[in-house]
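First residue of the sequence shown? That's 423 in our numbering, and the numbers climb one at a time after it.
Glycine included, C-beta positions come from ideal geometry on N, C-alpha and C.
See below for the structure under consideration.
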Amino acid sequence: MSTRTLLLSIACLALAVLTFATFFTCESIVERNALLTTIGSQEQPLQQATQVKAQVGTLATETAKLAEQGDMGAKQIVEGMKSQGINIQP
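And the structure:
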């Protein structure tokens with residue numbers, strides 16, 4: 423095998439490795455950007471869900487307090503929630 427053929431083979435191999443590395447680097451960048459976009463689009467619904475959860479927790483706590491004070495409607499609500507396996511701590 424001549425030196426020229428050997429150098430050509432090594433150059434082809436180096437080009438193939440470089441192409442492979444470039445392709446996967448570009449694919450990784452595209453995938454990362456897609457993931458960042460997905461995370462960004464979930465941020466607002468997540469904040470809204472957290473806010474609703476806090477509001478429901480406050481509502482449930484206040485309802486339990488009313489039930490302790492003797493409010494019949496609140497007692498019915500608390501009993502209904504207990505029958506469904508939801509316990510509220512006032």
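Checklist entry - What are the boundary residues of the alpha helix (DSSP H) that Gln498 is part of? => result Met494 to Ser505
Checklist entry - Out of curiosity, what's the CA-to-CA distance linking Leu437 and Gln466? => result 45 Å
Checklist entry - Per the contact definition of three or more C-beta pairs closer than 8 Å, is the region 492-506 in contact with the region 453-472? => result no
Next on the checklist: Taking the beta carbon of Thr485 as the centre, do at least 16 other beta carbons fall within 10 Å, making it buried, or is it exposed?
Outcome noted: buried
Item to check | Short Cβ contact (8 Å threshold) for Ala489 with Val478 | outcome: no
Checklist entry - According to DSSP, is Ser463 helix, strand or coil? => result helix
Checklist entry - Does the ligand FAD have even one heavy atom less than 7 Å from the beta-carbon of Ser450? => result Judged by which ligands are present, the structure shown has none, so any question about the ligand FAD falls away.
Checklist entry - Does DSSP put Asn455 in a helix, a strand or coil? => result helix
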